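All remarks here apply to the structure that follows.
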Amino acid sequence: MTIVEMLESARETIDRTTVFELRDAVARGAVVVDIRPQAQRAVEGTLPGALAIERNVLEWRLDPTSDARLAIAVDHDVEWIVICSEGYTSSLAAASLKLLGLHRSTDLVGGYQALKSAGLLGVLTQAKHCVREAEAVAAH
């Protein structure tokens with residue numbers, strides 16, 4: 001299997017979110033997770049209100065059965081929207097979360113770059129649950 005085939009296979013398992021659907025998803029309680037590495041966030045910019053959880057620990061933090069889970073990872077019904085820089089790594093990550101039973105996991109088409117291009121980087125700051133959880137994770 002090639003990486004292109006792997007990506008296509010992963011995307012068949014998720015219902016991807018567009019930048020224009022993100023506001024509604026967050027309003028209904030979706031939690032946005034930025035999986036870009038710290039070095040990449042430093043160069044590209046942060047996403048206010050998103051949980052910054054690097055890709056290498058994502059499953060450990062979001063699986064409600066993990067001893068290393070976040071407090072917000074309460075069950076398999078949490079809606080997680082994973083964001084990377086351009087929407088490739090996030091598709092693979094969201095598919096991995098689905099394999100763990102996190103059936104409402106998805107990613108953002110075009111990632112951080114699409115959100116920035118659309119002028120919607122502040123979309124998460126209106127959701128109290130996003131800001132609260134991002135602050136809690138940053139405090140650790």
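Going by the UniProt record's numbering, the residue at position 100 of the sequence shown is 100; the numbering climbs one at a time, nothing skipped.
Quick reminder that beta carbons are idealized off the backbone N, C-alpha and C, glycines included.
Everything numeric in this text was worked out from a predicted model, so none of it was measured.
Cα atoms of P48 and L124: separation of roughly 7 angstroms, rounded to the nearest angstrom. Runs of beta strand (DSSP E) with 3 or more residues, each lying fully within the UniProt domain "Rhodanese" (26-124), are found at 31-34, 80-83, listed in chain order. In terms of CA proximity to V32, L22 leads the group Q38, L22, I14, A114. When the five nearest sequence neighbours on each side are left out, the beta carbons in the same chain lying within less than 6 angstroms of the beta carbon of L120 are those of V19, in order along the chain.
In the same chain as R55, and ignoring 5 residues on each side of it, the C-beta atoms closer than 7 angstroms to its own belong to I35, T89, A93, in chain order.
Exposure of G122 is indicated by the presence of fewer than 16 other C-beta atoms within 10 angstroms of its C-beta.
For E12, there is no enclosing alpha helix (DSSP H), since its DSSP letter is neither H nor E. Judged by DSSP in its simplified three-state form, M6 adopts helix.
Sorting S96, D63, A27 by C-alpha distance to the C-alpha of T13 places S96 at the top. With contacts defined by Cβ atoms closer than 8 angstroms, S91 and A10 form a contacting pair.
K98 and R61 have their C-alpha atoms spaced approximately 14 angstroms apart.
Excluding five sequence positions before and after V74, the CB atoms of its chain that fall closer than 8 angstroms to its own CB belong to P64, given in chain order.
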